[in-house]
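Below you'll find the structure, written out as structure tokens, and then a few comments.
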Amino acid sequence: LSQTLRVHRSTLHHHLWMNGLSKHYSDITDPELDDVIHHYKCSHPNAGLRFVIAFLKSHGIHVQRKHIWLSMQRINPLGE
Numbered sequence: 001l002s003q004t005l006r007v008h009r010s011t012l013h014h015h016l017w018m019n020g021l022s023k024h025y026s027d028i029t030d031p032e033l034d035d036v037i038h039h040y041k042c043s044h045p046n047a048g049l050r051f052v053i054a055f056l057k058s059h060g061i062h063v064q065r066k067h068i069w070l071s072m073q074r075i076n077p078l079g080e
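For the sequence shown, this note's numbering gives the first residue as 1, with consecutive numbering after it.
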């Protein structure tokens, strides 16, 4: 988008933030995230990170990929 508008990426982020359009993450605790992912993984045991991210986004839960990965590790540390 910044290339299309021919402005620096930082400038774009600043203006988005000033107008309340910056990217916000969901206010969800680690135990709550673990619970949501655990329930999804019970019905979709072979789902990987990408499917879990898509599931969360489809339910309006926006969290950083790192937090999702860490949650999946807490739920199933052996990756089974």
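Yeah, the Cβ is synthetic: ideal placement off N, Cα and C, and Gly gets one too.
Check, Outcome
"Just tell me which of His44, His59, Trp17 and Leu16 has its CA closest to the CA of Ile28.", "His59"
"Would the segment 61-77 count as touching the segment 24-38 if we require 3 or more Cβ pairs under 8 Å?", "yes"
"I need the straight-line Cα distance from Glu32 to Ile68, nearest angstrom please.", "11 Å"
"If you measure between the beta carbons of Ile75 and Leu56, is that distance less than 9 Å?", "no"
"Let's see if you can read the secondary structure: which residues bound the alpha helix (DSSP H) around Tyr40?", "Asp30 to Ser43"
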